[in-house]
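Undergrad: I'd like to ask you about the structure that follows.
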Amino acid sequence: MTHPARKPTLIRLFIDSVMAHRLLWALLGLFALFPIVTIIFDQPFWNDIAMRIMVLGMAAMGLNLALGYGGMVSFGHAAFIGIGAYSVGICDYYGLTNGWAHFAISMAVCAGLGLVIGILSLRTSGIYFIMITLAFAQMLFFLFVSLETFGGDDGMSIDRADFLMIDLYEPLRLYFLIWLVLVIVASFLMFIVHSRFGVTLRGIKSNEQRIEAMGLTPLHYKITAYVISAVICGIAGTLFANWQEYVSPDIMHWTRSGELMIIIILGGLGTVAGPLLGAIVFLLLEEFLPELLHLFAPAYAENWMIIFGPLLVVVVLFGRGGISGLITTYMPKKSDQQVRHD
Amino acid sequence: MTFSLILEQAFNGLQAGVTLFLVAAGLTLILGIMDFVFLAHGAQVMIGAYAATAISLATGSFYLGILGAIPVTFVCGYLLEFLIIRHLYRRDHMDQVLATFGLILFFNEMIRIGFGPAALFSDLPTSLSGFVEILPDVPYPTYRLAVIVVGLLLAIGIHLFVSRTKLGAMVRAGASNPDMTAALGINISILFRFIFATGACLAGIAGMALAPITAVQPGMGEPLLILSLVVIIIGGIGSVRGAFIAAILVGLVDTLGRVFLPAMLRLVMDQSAADGAGPALASMLVYILMAVVLVFRPTGLFPVKG
């Protein structure tokens, strides 16, 4: 945090937040250099995994603002990923192929929906909040299943969007588009977390009454955080659709909301870098557990979840604070120092 | 659209409702007493269905299957609580969601390894496979009627147990204030292990009831889990009476919506579009119901804690 005597100018804030998030910058740097590794080993498939990690990590970072910082356990953020992905598909269907327009539409729709869902859901709290966000996500899921025009249950295949001067079908263009957006989202989140807004949000999470007694309206902060997190998930969804070149209601299935939570908890709640770390671990496990199983018990390679499920239980039982929690415990000077602020 | 069709579908809705109640009854107490988000309750339904099907296929008797499966699900619930769940009560909801999500993956995969990914089918005994005339010229499958009757009897049993017995009073006390109940000298952890195993057993019975009329396959419990969560939220967490009313409501809305919504949509749009959109829009109905209830009554229809 800034020293109270120092005037928190924007530049000062930015430098502080960069310094406090060395782990995150290191990860972003690794992702920028990763294509070199894939070229050396001649494994272009690895880039695909890295893109998936970045996109899901971005969505998890967005959810983490509501969940980790704001204490709002939303079980329905997959819906916003779906909206983001479908804004590419539906715009394509009506002949609008400009990628920037897709982004604008996806962000606008997610902001609007996030506002409505946020206002309605935040009337409740605790388990009721978890369930009402799930209910809204299920509604949207079934809405898209019912839209036969856009493929219904089977989904629709889509072409990668036109970004002026960038042809996403050229190698690595999509990779660096995703990377760039990830850097922007990460910087934005770092900035938010260190701003007055972010501090208030964390204050609300640890003691809502006290913030109210200070003359602030916690609900406004919570709704704002919810909307921002919805928009970030929408952006991630738009990128996801471009990467997958296909979208179906499956993208907003409730298990994906669960996956996002898994990613956040694996990485560590309430840190900016945590979700990205969590996404790396989650997707690498998903990718390599089957292969690992194949070495030891070839007959059961398909059943990798039999290892993954209990692994989650073990992480919850024994690993508090996720992976970045472990890292900060063992080398407190070299990584996020904002982990346990409250 | 005749009266007999409406009646038949209402009975189907009732059957879906009582089955949902069996799943929701245990879950509402698990959520209510220990404030524990237990997502693997759907796996208990699956375990019950598989145990009943496997035993009845092995012995050739449907009734032996049910009799054998009940202790299996009870023991499953008991061990699960003892080994894992009790360590998670004091954690926050996120941890509980994550751990029980992991348990879902584990159980689904266990079943897939043990029984294969394909669905299992079992036959009904001849005594239950016929039709009964519920009204003159309105036949209804005997088995579904039997499910309704058994489900209602169990519901009455649960109600009497919760409202009339000493153990039931402890359960209610636990639901409204666990700390105070513990302070009065009631061993909350043993009480909860018992409720947990009983809840697992009830969910298992729901699975057994569904086994002959649905596909018994890995992951079969999840749609039921989500629906029973909806039921619990509508009814008010921790309230068995609320769960019953909400379960019947959700069962009826879901079943009748699926049948009559496409027909109603056909009035306002063309046939093929209505047939495509109808079933999915019908699936939205229960969630709309839940959102409306929560917006106007943020703690459900029959809140326990106050």
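Residue numbers (the numbering used here), protein chains in the order written: chain A, 1 to 342; chain B, 343 to 648. Beta carbons are placed, not taken as given, at the ideal position from N, Cα and C, and that holds for glycine.
Taking Cβ positions, are Ala-301(A) and Leu-293(A) nearer each other than 8 Å?
TA: The residue you call residue 301(A) lines up with position 301 of the first sequence. The residue you call residue 293(A) lines up with position 293 of the first sequence. Yes, the pair counts as a contact, with Cβ atoms nearer than the cut-off.
Undergrad: Would Pro-171(A) be called buried (16 or more neighbouring beta carbons within 10 Å of its own) or exposed?
TA: Here residue 171(A) is taken as the residue at index 171 of the first sequence, counted from 1. It is exposed - the Cβ of Pro-171(A) has fewer than 16 other Cβ atoms within 10 Å.
Undergrad: Leaving out five residues on either side along the sequence, give the residues of the same chain with a beta carbon under 6 Å from the beta carbon of Gln-338(A).
TA: Residue 338(A) sits at position 338 when you count from the first residue of the first sequence. With a pLDDT of 44 at Gln-338(A), under the threshold of 50, the modelled position of this residue cannot be trusted; read the value that follows with caution. Answer for Gln-338(A): Ala-20, listed in chain order.
Undergrad: Go ahead and pull the three-state DSSP assignment for Ser-398(B).
TA: As a position in the second sequence, residue 398(B) is number 56, starting the count at 1. Helix at Ser-398(B).
Undergrad: Quick check: the Cα distance between Ala-488(B) and Leu-470(B), rounded to an integer number of angstroms?
TA: Stepping through the second sequence from its first residue, residue 488(B) is reached at position 146. Stepping through the second sequence from its first residue, residue 470(B) is reached at position 128. Cα to Cα, the separation comes out at about 8 Å.
Undergrad: Buried or exposed for Asp-521(B), please, with buried defined as at least 16 other CB atoms from any protein chain shown within 10 angstroms of its CB.
TA: Along the second sequence, one-based indexing puts residue 521(B) at 179. With a threshold of 16 other beta carbon atoms within 10 Å, Asp-521(B) falls short and is exposed.
Undergrad: Under 8 Å between the Cβ atoms of Gly-620(B) and Val-387(B)?
TA: For the purposes of this step, residue 620(B) is taken as the residue at position 278 of the second sequence. For the purposes of this step, residue 387(B) is taken as the residue at position 45 of the second sequence. Not closer than 8 Å, so no.
Undergrad: Let me see if you follow: with CB-CB separation under 8 Å, is Ile-81(A) close to chain B or not?
TA: The residue given as residue 81(A) occupies position 81 in the first sequence. So, not an interface residue.
Undergrad: Identify which residue in Gly-580(B), Val-480(B), Leu-566(B) and Gly-546(B) has its Cα closest to the Cα of Ala-517(B).
TA: The residue you call residue 517(B) lines up with position 175 of the second sequence. Here the closest residue by C-alpha is Gly-580(B).
Undergrad: Tell me the DSSP secondary structure of Val-611(B) in three-state form.
TA: Looking up residue 611(B) in the second sequence gives position 269. The amino acid at residue 611(B) is misidentified as Val; the sequence shows Met. Looking at Met-611(B) - three-state DSSP - the assignment turns out to be coil, as it is neither helix nor strand.
Undergrad: Do Val-504(B) and Val-513(B) have their CB atoms nearer than 8 Å?
TA: Residue numbering aside, residue 504(B) sits at position 162 when the second sequence is read from its first letter. Residue numbering aside, residue 513(B) sits at position 171 when the second sequence is read from its first letter. Contact flag set, yes.
Undergrad: At 7 Å on the CB atoms, spell out the chain B contacts of Ala-135(A), in chain order.
TA: If you number the first sequence from 1, residue 135(A) lands on position 135. The contacting residues are Val-572, Tyr-629, Met-632 and Ala-633.
Undergrad: What residues in its chain sit with their C-beta under 8 Å from that of Phe-538(B), if we drop five residues either side in the sequence?
TA: To locate residue 538(B), count along the second sequence from 1; it is residue 196. Cβ within range, chain order: Gly-368, Ile-372, Gly-419, Tyr-420, Leu-422, Glu-423 and Ile-427.
Undergrad: Along chain B, in chain order, which residues have C-beta atoms closer than 7 Å to that of Gly-89(A)?
TA: Taking the first sequence and counting its residues from 1, the one referred to as residue 89(A) is at position 89. None at all; the shortest Cβ gap to chain B is about 17 Å.
Undergrad: Could you tell me whether the stretch 620–629 of chain B touches the stretch 586–601 of chain B, using the rule of 3 or more Cβ pairs below 8 Å?
TA: Touching, per the Cβ criterion.
Undergrad: Here's the rule: buried if 16 or more other CB atoms are within 10 angstroms of the residue's CB, otherwise exposed. What is Trp-254(A)?
TA: Counting from one through the first sequence, the residue named residue 254(A) turns up at place 254. Around the beta carbon of Trp-254(A), 16 or more other beta carbons lie within 10 angstroms, which makes this residue buried.
Undergrad: Using the beta-carbon of each residue, which ones in chain A are nearer than 8 Å to Gly-383(B)?
TA: Along the second sequence, one-based indexing puts residue 383(B) at 41. Looking at the sequence shown, residue 383(B) is not Gly but His. Result: empty, since nearest Cβ-Cβ is about 14 Å, beyond 8 Å.
Undergrad: Are the stretch 535–551 of chain B and the stretch 462–479 of chain B touching by the rule of at least three beta carbon pairs closer than 8 Å?
TA: no
Undergrad: What residues are listed by DSSP as bridge partners for Asn-162(A)?
TA: By one-based count along the first sequence, residue 162(A) stands at place 162. What sits at residue 162(A) in the sequence shown is Asp, not Asn. Bridge partners of Asp-162(A): Asn-98(A).
Undergrad: By DSSP, does Leu-569(B) sit in helix, in strand, or in coil?
TA: Locating residue 569(B) in the second sequence gives position 227, counting from the first residue. Looking at Leu-569(B) - three-state DSSP - the assignment turns out to be helix.
Undergrad: Comparing the C-beta of Thr-271(A) with each C-beta of chain B, is any distance below 8 Å?
TA: The residue you call residue 271(A) lines up with position 271 of the first sequence. Cβ-Cβ to chain B under 8 Å: no for Thr-271(A).
Undergrad: Measuring straight from C-alpha to C-alpha, what distance separates Met-51(A) and Ala-605(B)?
TA: Within the first sequence, numbered from 1, the residue matching residue 51(A) stands at position 51. Within the second sequence, numbered from 1, the residue matching residue 605(B) stands at position 263. Going by the C-alpha atoms only, they are around 45 Å apart.
Undergrad: So, does the stretch 547–566 of chain B touch the stretch 581–590 of chain B, judging by three or more C-beta pairs under 8 Å?
TA: no
Undergrad: Using the Cβ count rule (16 or more neighbours within 10 Å means buried), how would you classify Ser-335(A)?
TA: Numbered from 1 along the first sequence, position 335 holds the residue referred to as residue 335(A). Reliability fails at Ser-335(A), whose pLDDT of 40 lies under 50, so the model's placement of it is uncertain and the value that follows must be treated cautiously. Buried is the call here.
Undergrad: Is the beta carbon of Met-252(A) less than 8 Å from the beta carbon of Gly-82(A)?
TA: As a first step, residue 252(A) is located in the first sequence; it is residue number 252 there, counting from the start. As a first step, residue 82(A) is located in the first sequence; it is residue number 82 there, counting from the start. With respect to Gly-82(A), Met-252(A) sits close: the two C-beta atoms are nearer than 8 Å.
Undergrad: Using 8 Å as the cut-off, can you tell me whether the stretch 259–277 of chain A makes contact with the stretch 59–74 of chain A, which would need three or more C-beta pairs spanning the two stretches below that distance?
TA: At 8 Å Cβ cutoff, the stretches touch.
Undergrad: Does DSSP put Ser-335(A) in a helix, in a strand, or in coil?
TA: Residue 335(A) sits at position 335 when you count from the first residue of the first sequence. At Ser-335(A) the pLDDT is 40, less than 50, meaning the model places this residue with poor confidence and gives no usable figure here.
Undergrad: Could you tell me which chain B residues have their CB closer than 9 Å to the CB of Ser-128(A), listed as they occur along the chain?
TA: Position 128 of the first sequence, counted from the first residue, corresponds to residue 128(A). Checking the sequence, you will find Tyr at residue 128(A) rather than Ser. Per Cβ cutoff of 9 Å: Ile-575, Ile-579, Leu-636, Pro-640, Thr-641 and Gly-642.
Undergrad: Give me, in chain order, the residues of the same chain whose beta-carbon lies closer than 6 Å to that of Val-634(B); leave out the 5 immediate sequence neighbours on both sides.
TA: Here residue 634(B) is taken as the residue at index 292 of the second sequence, counted from 1. None.
Undergrad: Residues in the same chain with beta-carbon distance under 8 Å from Glu-287(A), minus the five sequence neighbours each way, listed in chain order, please.
TA: Here residue 287(A) is taken as the residue at index 287 of the first sequence, counted from 1. Cβ within range, chain order: Ile-49.
Undergrad: Let me make sure I understand the geometry here. Which of Phe-308(A), Ser-17(A) and Ser-146(A) has the alpha-carbon closest to that of Ile-262(A)?
TA: Locating residue 262(A) in the first sequence gives position 262, where the first residue counts as 1. Of the listed residues, the one whose Cα sits closest to Ile-262(A) is Phe-308(A).
Undergrad: Please report the distance separating the alpha-carbon of Pro-298(A) from that of Pro-290(A).
TA: Within the first sequence, numbered from 1, the residue matching residue 298(A) stands at position 298. Within the first sequence, numbered from 1, the residue matching residue 290(A) stands at position 290. Computed Cα separation, rounded: 9 Å.
Undergrad: On a Cα-Cα basis, can you pick out the residue from Leu-643(B), Val-637(B), Gln-357(B) and Gly-642(B) that is closest to Ile-119(A)?
TA: By 1-based counting over the first sequence, the position of residue 119(A) is 119. For the set Leu-643(B), Val-637(B), Gln-357(B) and Gly-642(B), the Cα lying nearest the Cα of Ile-119(A) is the one of Val-637(B).
Undergrad: Does the Cβ of Lys-205(A) have 16 or more other Cβ atoms within 10 Å, making it buried, or fewer, making it exposed?
TA: Here residue 205(A) corresponds to residue number 205 of the first sequence, with the count starting at 1. By the 10 Å Cβ count, Lys-205(A) comes out buried.
Undergrad: Please state if the CB of Thr-370(B) and the CB of Ile-574(B) are separated by a distance shorter than 8 Å.
TA: Here residue 574(B) is taken as the residue at index 232 of the second sequence, counted from 1. Here residue 370(B) is taken as the residue at index 28 of the second sequence, counted from 1. In this structure, Thr-370(B) lies closer than 8 Å to Ile-574(B) by Cβ.
Undergrad: Mind checking which residues open and close the alpha helix (DSSP H) that includes Pro-35(A)?
TA: Start at 1 with the first residue of the first sequence, and residue 35(A) comes out as number 35. Unbroken alpha helix (DSSP H) run through Pro-35(A): 22–41.
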